[in-house]
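Student: Below: one structure in structure tokens.
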Amino acid sequence: MGIEGDNHLSKGASHEYIAALFIDVDEQNRGFGKMLLDHAKKDHSFLQLKVYQKNESAIRFYEKNGFLITADSVDPATSEKEYVMEWRQRMW
Numbered sequence: 426m427g428i429e430g431d432n433h434l435s436k437g438a439s440h441e442y443i444a445a446l447f448i449d450v451d452e453q454n455r456g457f458g459k460m461l462l463d464h465a466k467k468d469h470s471f472l473q474l475k476v477y478q479k480n481e482s483a484i485r486f487y488e489k490n491g492f493l494i495t496a497d498s499v500d501p502a503t504s505e506k507e508y509v510m511e512w513r514q515r516m517w
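Under my numbering, think of the first position of the sequence shown as 426, with each following residue one higher.
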């Protein structure tokens, strides 16, 4: 399928955290990232992740897939500014 890297979910006290989602640059914009997110969404009602503020394409991708920016943060390992983004399952 051409996907490199993977989708890492770590369980928190009351929600799921996506630690990393990487798609090979040659395979981006082909729906693979959406497939990975949809797979995570089907088993969870809440997902959270962090993304560097300078990574505008990733921010747009997550927003397109229903994530909202909920907080600003700083990665302690790199001192990069980042956003906390969250997705909640709609209850209709």
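All C-beta atoms, glycine included, are put in the ideal place defined by N, C-alpha and C.
What three-state label does DSSP hand Ile-494 in the structure shown?
Tutor: Your numbering for residue 494 matches position 69 in the sequence shown. It is a strand residue.
Student: For Asp-497, tell me which candidate among Ser-482, Leu-474, Ala-445 has the shortest Cα-Cα distance.
Tutor: Here residue 497 refers to the residue found at position 72 when the sequence shown is read from its first residue. The option with the nearest alpha carbon to Asp-497 is Leu-474.
Student: Taking C-alpha atoms, which residue in Asn-454, Val-476, Leu-493, Ser-470 lies nearest to Ala-445?
Tutor: The sequence position of residue 445 within the sequence shown is 20, counting from 1. The shortest C-alpha separation from Ala-445 is found at Val-476.
Student: Does Gln-513 come out as helix, strand or coil in the three-state DSSP assignment?
Tutor: Residue 513 sits at position 88 when you count from the first residue of the sequence shown. It should be noted that the sequence gives Arg, not Gln, for residue 513. Residue state for Arg-513 is assigned as strand, using DSSP reduced to three classes.
Student: Just reading off the beta strand (DSSP E) that Glu-441 is part of, what are its end residues?
Tutor: Counting from one through the sequence shown, the residue named residue 441 turns up at place 16. Taken as a continuous stretch (DSSP letters only), the beta strand (DSSP E) holding Glu-441 covers 441–446.
Student: Taking just the CA atoms, how far does Phe-457 sit from Gly-430?
Tutor: Working through the sequence shown from its first residue, we reach residue 430 at position 5. Working through the sequence shown from its first residue, we reach residue 457 at position 32. Residue placement at Gly-430 is flagged as unreliable, the pLDDT there being 39, under the threshold of 50; a coordinate-derived value is accordingly withheld.
Student: May I ask which residues mark the beginning and end of the beta strand (DSSP E) holding Lys-479?
Tutor: Translated into positions along the sequence shown, residue 479 becomes position 54. First-last for Lys-479: undefined, no H or E at that position.
Student: When we look at the beta-carbon of Glu-488 and count the other beta-carbons within 10 Å, is it buried (16 or more) or exposed?
Tutor: In the sequence shown, the residue the question calls residue 488 occupies position 63. It counts as exposed.
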